[in-house]
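S.K.: Sequence order for the protein chains is A and B.
Going by numbering that gives the first Met the number 0, the first sequence opens with residue 0, and the numbers climb by one from there.
Going by numbering that gives the first Met the number 0, the second sequence opens with residue 0, and the numbers climb by one from there.
Note that CB positions come from ideal geometry on N, CA and C, so glycine has one too.
These numbers come from a predicted model, not from an experiment.
Sharing a structure with you now.
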Amino acid sequence: MSEYPYAGYAGQYLRVDLTKGNIQKLPIPLDWVENYLGGNGIGVKILWDEVPANIQPLDPENKLIIATGPLCGLPIPNTGRLEFIAKSPLTGIYGDSNAGGHFGPELKFAGYDLIVFEGQAPEPVYLSIHDDRVELHPAKHLWGRDTFTTEALLQQEHQDPNLRVACIGPAGEHLVRYASIQVTYRRSAARSGMGAVMGAKQLKAVAVRGTGGIRLAEPVKMQALALKLHQRIRTNPFYRSVHTYGTPGLVALMQPIGRFPTQNFRYGSFDGFEDISGEALREQHLLRDTACYSCPIGCDKVYTVTDGEYAGTLNSSVEYETLNALGARLCVRQLDAVLKANERCDALGLDTISAGGAIAFAMELAEKGILGPAEMDGLDLRWGDARTLITLLERIAARQGFLGDLLAEGTARAAHWLGRGSERYAMHVKGQDIPAQDGRAQQSMGLAHVTSSRGADHLKAFPVLDETGAIEEAVRRYGDKYLPDLVNPLATQYKAFLVKDCEDYAAIVDSSGNCKSGGTFVMAEIYWQDQAEAIRLATGMEMSVSRLCQTGERIYNLMRCYNALHGITCEDDTLPWRFTQIPSPSGNARGSICHLEIMLPEYYRLRGWDARTGLPTQRTLARLGLEAAHSRLRAAVASGASKAAYEQLGWSPPYVGPTKDAL
Amino acid sequence: MIQTMILDIAPEKCTGCLLCELYCSLSHEGRVIPDLARISVLGDQNRQILIPTSCIPCGNNPCITACPEPGAILKNDLGAVIIIEELCTACGKCARACQIGAIKVHRLAGRGKKGKAIALKCDQCGGDPLCVKVCPPNAIQICPETVAGQGVHDRLLAAQQVLEEAISHE
């Protein structure tokens, strides 16, 4: 193969037809990297081109894309990230999920930037990649195994302890709609149910080992830039605390501002927060600090439980999200039980956020009398019952019993199917369970949940500036003209601007292969300018900040267009009633609601989207080189195809009122 | 007399980020290719144990004794044990002699005396090792031999034995 025009990339990708067992090695089209960079960008481009709206997420015609980006594997900080992209079984629209760890760089060392899986294997298989040697193998002996065992068996089978594995557990095999893909070492690509897509394709695992290298356009300059960025991160004032506690350090910070969702989002503060805080976690359970590939921060850790009912539990990368979803959201305050539940989610291959959301939903239905005793499968659904939590996780992963099967569908679909007023307790946006933020306590986050391209999510915009008021960071990015409102979590002014800018930058980070939790959003030492410089030195591509901004916008707009093909409009850009109708009872947010009605119109205006439909205008799409997307979208709306696709999604928009059941 | 410098490795501090491997390969090979790094991090499946492994050097220098090619492996002025690529036949005797596995033989076209393969090991980057510079938890330091001495080699060897036992239990 002749040398790829751009360094930084491996330059080729794998297309694996699981139906026929056919594997192709293909050069990456230049249009993909020049206009969409990599990762999510190329992922949404492939979905747009190859997976039409009438295809259901679990159909063989859906595609699963495993994608790295041009910075993945490179010397700048935190380049272990990779993306899984497919139409989501949870939401029915654009879906993706991101994981750290060590798999992404290894795929590039083996010589591939991405893998596109299509079709459906007639029986369980796994894909092994050893540099040039790429093979499908039977996986009957792995089917039914948990993710840890699967990884260990593959490493034994290939006699290679350095084999990097991405695999599903029983939850993915049983098509649980929020099944995760677990990646070496114990990192989770969990949102959007990408594991169920693997399950439907009967693809148990991908195992990769690469001994090749990645060429850089300007290796000497790249090394100098990378060393400078490492130094800046390591001397950032927040470095010590982010390293020490990782995301669990947020528990104690979110509690006083009323942004620590409790009891299915009824409250924003939790009485038992100290029991499940980052401080308690480190003090009682830390075994050692670990890190993803090329990460100077190391928010990843190994935690163990050494005594009591849950002795023998071992976790890595316990996150803030999990402490909330499996802790406060269910009123569970036993940290060792939360760790056990987290370990089981990783072993079974479940998203902790949606699993916690589904169980909180069930507990609230039990409290409200919507679920009858006969429907509880003998479980005690009282708030705070840790044993129920752990039992339910097992049942969900196996789709066992009425409740296990119901909750495996995800909160939004479960509510849509069940009816009986259960809809008001399904805390979701576009079918995706809301993560551990509260738009009443942080206005920008409420907007971010609504505008996220994969349904309720914090990471598509990740507007961390107004969480606890990062003034210096705000000034560094935008000057002081937006202060003090920009960093005030309760103010709505400038939040549409913040969310839009962050979404565009996050689309770039997710397409480049570096990390939002270390160096780009949290401790944002790498922002537009440095990111553009890093891409230029890595690839040799002409990359200005304005071109990068436009690329971010292009990616985000194409995601919106893809969702619009499935009938998504401004009608779906809404939060459940708890956030917009019921004033927060907690912390600094007491008395506040989320003001979408102020922020959303401003957001549409900044995006160049039609205020009446919430869809990108012809002018906006033309500016981004997406003229063809506009005509396709217009045709889909005119023919009724997008409306027909919408009816297949399987969920209804969240309940918005009236609010006769306060709290 | 020139002070001999050694790598002082503290495995308990290592986070497994592999920045040492990445930068080692970048500075020696001009591209990112951790497989050709002169340092490698060993560990178990759950990373309860992590051991950055590189030439200390140990002081006994069994690699030098084992080498059949005169002058192919030697101690330089700074006390680092280095391989002279043009003289190395990639016979692998040094790699087998090293107790901690700090030398690896790679098949690489155009490299070594026979133009087919080469033994690679740490050369301390001429006195200012990059791995030391980039290691975030400071698990790798460079210091005079008199400070740390033979202890580092023996500690690594002991840690590797513990790792082997742990892996066999997994």
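Which chain A residues sit within Cβ distance under 7 angstroms of GLY29 (chain B)?
M.R.: PRO218
S.K.: Give the secondary structure of GLY150 (chain B) by DSSP, where H, G and I count as helix, E and B as strand, and everything else as coil.
M.R.: helix
S.K.: Could you pull out every residue in the same chain whose Cβ sits closer than 7 angstroms to the Cβ of GLN140 (chain B), ignoring the five residues on either side in sequence?
M.R.: ASP7 and VAL131
S.K.: Can you tell me where the beta strand (DSSP E) with MET4 (chain B) in it begins and where it stops?
M.R.: 4-8
S.K.: How would you label LEU35 (chain B), buried or exposed, when you count the other beta carbons within 10 angstroms and need 16 or more for buried?
M.R.: Result: buried.
S.K.: From TYR481 (chain A) to PRO584 (chain A), what distance separates their C-alpha atoms?
M.R.: Taking the straight line from one Cα to the other gives about 28 angstroms.
S.K.: Would the beta-carbon of ALA189 (chain A) fall within 8 angstroms of that of LEU162 (chain A)?
M.R.: no
S.K.: Can you give the beta carbon distance from LEU141 (chain A) to LEU152 (chain A), rounded, assuming they're within the 8 angstroms contact cut?
M.R.: 6 angstroms
S.K.: Among A:LEU325, A:GLY368, A:LEU406 and A:GLY418, which has the Cα closest to the Cα of ASP384 (chain A)?
M.R.: A:LEU325
S.K.: Output needed for ALA359 (chain A): all residues of its chain with C-beta closer than 7 angstroms, excluding positions within five of it in sequence on either side, in chain order.
M.R.: ASN263, ARG328 and LEU329
S.K.: Would you mind working out which of B:THR3, B:LEU25 and B:ILE38 sits nearest ALA138 (chain B), comparing C-alpha positions?
M.R.: B:ILE38
S.K.: Give the secondary structure of ILE141 (chain B) by DSSP, where H, G and I count as helix, E and B as strand, and everything else as coil.
M.R.: strand
S.K.: Is the beta carbon of GLU466 (chain A) sitting closer than 8 angstroms to the one on PRO483 (chain A)?
M.R.: no
S.K.: Select from A:LEU446, A:SER591 and A:ASP529 the residue whose C-alpha is nearest the C-alpha of LEU70 (chain A).
M.R.: Closest option to LEU70 (chain A), Cα to Cα, is A:ASP529.
S.K.: Using a beta-carbon distance below 8 angstroms, is HIS229 (chain A) in contact with chain B?
M.R.: Interface residue (Cβ-Cβ distance to chain B less than 8 angstroms): HIS229 (chain A) is classified as such.
S.K.: Check each residue of the segment 10-25 of chain B: if its Cβ is closer than 9 angstroms to any Cβ of chain A, include it; give the result in chain order.
M.R.: The residues in question are GLU11, LYS12, CYS13, THR14, GLY15, CYS16, LEU17, LEU18, LEU21, TYR22, SER24 and LEU25.
S.K.: Need the endpoints of the beta strand (DSSP E) that LEU249 (chain A) sits in, please.
M.R.: From DSSP, LEU249 (chain A) is part of no beta strand (DSSP E) but of the alpha helix (DSSP H) over 249-253.
S.K.: With 8 angstroms set as the bound, which would you pick, yes or no: does the beta-carbon of GLY194 (chain A) sit closer than that to a beta-carbon of chain B?
M.R.: Not one chain B Cβ lies under 8 angstroms of GLY194 (chain A).
S.K.: Using beta carbons (cut-off 8 angstroms, strictly below), is ASP76 (chain B) in contact with chain A?
M.R.: no
S.K.: Give me the chain B residues within the contact set of VAL301 (chain A), using Cβ-Cβ distance strictly less than 8 angstroms, ordered along the chain.
M.R.: ASN45, ARG46 and GLN47
S.K.: Unbroken alpha helix (DSSP H) runs of length 4 or more, entirely within the segment 251-311 of chain A: which are they?
M.R.: 277-284
S.K.: Please name the residues in the segment 133-157 of chain B whose beta-carbon is closer than 8 angstroms to at least one beta-carbon of chain A, in chain order.
M.R.: VAL133, PRO135 and PRO136
S.K.: Here's a check: name, in chain order, each residue in its chain whose Cβ is nearer than 8 angstroms to the Cβ of ALA531 (chain A), leaving out the five neighbours to either side.
M.R.: MET542, SER543, VAL544, ARG546 and LEU547
S.K.: Grab me the residues of ILE54 (chain A)'s own chain with a C-beta within less than 8 angstroms of its C-beta, minus the 5 sequence neighbours each way, in chain order.
M.R.: GLU60, ASN61 and LYS86
S.K.: Residues of chain A with CB under 9 angstroms from ASP34 (chain B), in chain order?
M.R.: PHE108, GLY209, THR210, GLY211 and GLY212
S.K.: Whose Cβ in chain B lies nearer than 8 angstroms to the Cβ of THR243 (chain A)?
M.R.: Correct list: empty, because the minimum Cβ distance to chain B is about 12 angstroms.
S.K.: Can you find the residues in the same chain that come closer than 8 angstroms, C-beta to C-beta, to LEU605 (chain A), ignoring five residues on each side of it along the sequence?
M.R.: ALA495, PHE496 and LYS499
S.K.: Does the distance from the C-beta atom of ASN314 (chain A) to that of ALA435 (chain A) stay below 8 angstroms?
M.R.: no
S.K.: Where does PHE237 (chain A) fall in DSSP's three states?
M.R.: Judged by DSSP in its simplified three-state form, PHE237 (chain A) adopts coil rather than helix or strand.
S.K.: Quick one: residues in its chain with C-beta nearer than 7 angstroms to the C-beta of PRO652 (chain A), no 5 flanking neighbours on either side, listed in chain order?
M.R.: GLU570, ASP571 and THR573
S.K.: Where does VAL486 (chain A) land, buried or exposed, given buried means 16+ other C-beta within 10 angstroms?
M.R.: By the neighbour-count rule (16 or more Cβ atoms within 10 Å), VAL486 (chain A) is buried.
S.K.: Taking 8 angstroms as the CB-CB cut-off, is GLU342 (chain A) touching chain B?
M.R.: no
S.K.: Nearest by alpha-carbon distance to PRO121 (chain A): which of A:VAL301, A:ARG398, A:LYS339 and A:PRO137 is it?
M.R.: A:PRO137
S.K.: For THR289 (chain A), return the contacting residues in chain B, with the cut-off set at a CB-CB distance below 7 angstroms.
M.R.: THR14, GLY15 and ARG46
S.K.: State the CB to CB distance for the pair ILE389 (chain A) and LEU406 (chain A), rounded to an integer number of angstroms; the pair is presumed to be in contact (CB under 8 angstroms).
M.R.: Their Cβ separation, rounded to whole angstroms, is 14 angstroms, which puts ILE389 (chain A) and LEU406 (chain A) out of contact at 8 angstroms.
S.K.: Which residues in the same chain have their Cβ closer than 6 angstroms to the Cβ of ILE84 (chain A), if we skip the five residues on either side of it in sequence?
M.R.: Within its own chain, the residues whose Cβ lies closer than 6 angstroms to the Cβ of ILE84 (chain A), once the five positions on either side in sequence are excluded, are GLY42, ILE64 and ASP95, listed in chain order.
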